[in-house]
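Asks:
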Amino acid sequence: MSNDDIGYDPSILMAACIQAAATIMTADGISDQAKDPEAVAQMAAMIRDEALLQM
-16 MSNDDIGYDP SILMAACIQA AATIMTADGI SDQAKDPEAV AQMAAMIRDE ALLQM
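Next up, the structure:
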């Protein structure tokens, strides 16, 4: 199955997940982690994985 078959662009999905992760971390009061690229990437990957499961 290709990306065209499931109707999403991986780079757009990951960009949205990174933005969501940073927003969640900031809203939860852990803005120090929102500045840590590794922490944001880990949360973004979890969000992406869940989004792909929901597709």
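-16 is the number of the first residue of the sequence shown in this note's numbering; add one for each residue after it.
Glycine included, each C-beta is placed from N, C-alpha and C at the ideal position.
Remember, it's a predicted structure, so these values are computed and weren't measured experimentally.
(1) Residue 17: buried (16+ other C-beta within 10 angstroms of its C-beta) or exposed?
(2) Report all residues from its chain with a CB closer than 8 Å to the CB of residue 8; omit the five preceding and five following residues, and keep chain order.
(3) Rounding to the nearest angstrom, what Cα-Cα distance links residue -2 and residue 10 in this structure?
Replies: Walking through what the data contain:
(1) What you label residue 17 is simply residue 34 of the sequence shown in a count that begins at 1. Under this definition residue 17 is a buried residue.
(2) The residue labelled residue 8 in the question sits at position 25 within the sequence shown. A distance below 8 Å between beta-carbons, with the five flanking residues on each side excluded, links residue 8 to the following residues of its chain, in chain order: 14, 16, 17, 22, 23, 26.
(3) Taking the sequence shown and counting its residues from 1, one reaches residue -2 at position 15. Taking the sequence shown and counting its residues from 1, one reaches residue 10 at position 27. If I take the Cα positions, the gap works out to 18 Å.
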